[in-house]
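A short worksheet on the structure shown next.
Protein chains in written order, with the numbering used here: chain Y, 1 to 103; chain D, 104 to 269.
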């Protein structure tokens, strides 16, 4: 049960950072923390639990983890590329200055 | 009360990941934030080792610490290059954000109460041949979709950061 608490604490710390940070790169880093917490919980439960007699087939735990890993890496690279494009065009990376839909 | 070795390892990894996460969220220095992110990502690899998913841990170190963290540092150096003062990160700490985070924590903990108590701590090892059998067997659609997604992300990054052609 302490695994659930720790992983959820990581997720909620990341959520708090995502809500409060004002710089795009810090928001992206906080999203990475959220994803990390969720991945730890998913892989941890999948690797250790034996819920209702149904155990995960060997290899699928790591398979699911790898899928999340690749998704998160793609998300981070696209997010950072968007941040670079915004910083180059509008000369700011503060999200509260980026409040116009039509730039 | 005595603590077994495995519990000690658990709480050491937990402390490292919580410390890294708190640094990412609360520090004002952008390089310290990147350092905290590195500690956090390495501790996630530590979690995977704790759950006997060693291949996943190696992939985490390669992809995140070797790839994404370098990408973040690269972006920081490209964007935050202003003047003599070290770039400071600002936050807007409000009671609403704390309430949302705490509410999500309480909600999901109460929802997972039964799941957590049913845990049996017998990790299944994830050996590379088992992973390949899973990825090319029942998880083949996911595997193929990931290939398409990576191609789309690659094309998107090139288009977005390609600069203005005028």
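Note that the Cβ used here is the ideal one computed from N, Cα and C, for glycine as well.
Measuring alpha carbon to alpha carbon, tell me which residue in the options is nearest residue i.
i	options	result
residue 233/D	23/Y, 64/Y, 25/Y and 84/Y	64/Y
residue 241/D	32/Y, 42/Y, 18/Y and 57/Y	57/Y
residue 193/D	89/Y, 97/Y, 85/Y and 84/Y	97/Y
residue 206/D	9/Y, 1/Y and 3/Y	9/Y
residue 197/D	21/Y, 3/Y, 2/Y and 4/Y	21/Y
residue 32/Y	100/Y, 70/Y, 95/Y and 1/Y	70/Y
residue 255/D	73/Y, 100/Y, 41/Y and 99/Y	73/Y
Would the beta-carbon of residue i fall within 7 Å of that of residue j?
i	j	result
residue 107/D	residue 143/D	no
residue 24/Y	residue 128/D	no
residue 238/D	residue 246/D	yes
residue 59/Y	residue 248/D	no
residue 200/D	residue 19/Y	yes
residue 17/Y	residue 147/D	no
residue 39/Y	residue 68/Y	yes
residue 263/D	residue 26/Y	no
residue 124/D	residue 176/D	no
Residue i to residue j, Cα distance in whole Å?
i	j	result
residue 133/D	residue 179/D	8 Å
residue 11/Y	residue 93/Y	24 Å
residue 117/D	residue 130/D	19 Å
residue 96/D	residue 34/Y	Residue 96/D is absent from the structure shown; chain D starts at 104 and stops at 269.
residue 165/D	residue 151/D	13 Å
residue 216/D	residue 258/D	43 Å
residue 140/D	residue 28/Y	11 Å
residue 265/D	residue 76/Y	17 Å
residue 109/D	residue 157/D	16 Å
residue 6/Y	residue 174/D	27 Å
residue 86/Y	residue 79/Y	11 Å
residue 187/D	residue 155/D	Residue placement at residue 187/D cannot be trusted, given a pLDDT of 48 that sits under 50; the coordinates are not used to answer.
residue 261/D	residue 4/Y	39 Å
residue 126/D	residue 15/Y	14 Å
residue 1/Y	residue 66/Y	24 Å
residue 95/Y	residue 112/D	39 Å
residue 203/D	residue 163/D	29 Å
Mind checking who residue i pairs with in its DSSP beta bridge?
i	result
residue 21/Y	194/D
residue 88/Y	Note: residue 88/Y sits in no beta bridge, so no partner.
residue 132/D	191/D
Going along the segment 17-44 of chain Y in order, which residues come within less than 8 Å of chain D, judged by CB to CB distance?
Here the close residues are 17, 19, 20, 21, 22, 23, 25, 26, 28, 29, 30, 32, 33, 36, 37, 39, 40, 43 and 44.
If you measure beta-carbon to beta-carbon, which residues of the segment 80-103 of chain Y are closer than 7 Å to chain D?
Of all residues in the segment 80-103 of chain Y, the ones placed with a Cβ closer than 7 Å to any Cβ belonging to chain D are 80, 81, 82, 83, 84, 85, 87 and 93, in chain order.
Please identify, using Cβ separations under 9 Å, the residues of the segment 166-179 of chain D that lie next to chain Y, in order along the chain.
The segment 166-179 of chain D vs chain Y, Cβ under 9 Å: 166, 167, 170, 171, 174, 175, 177, 178 and 179.
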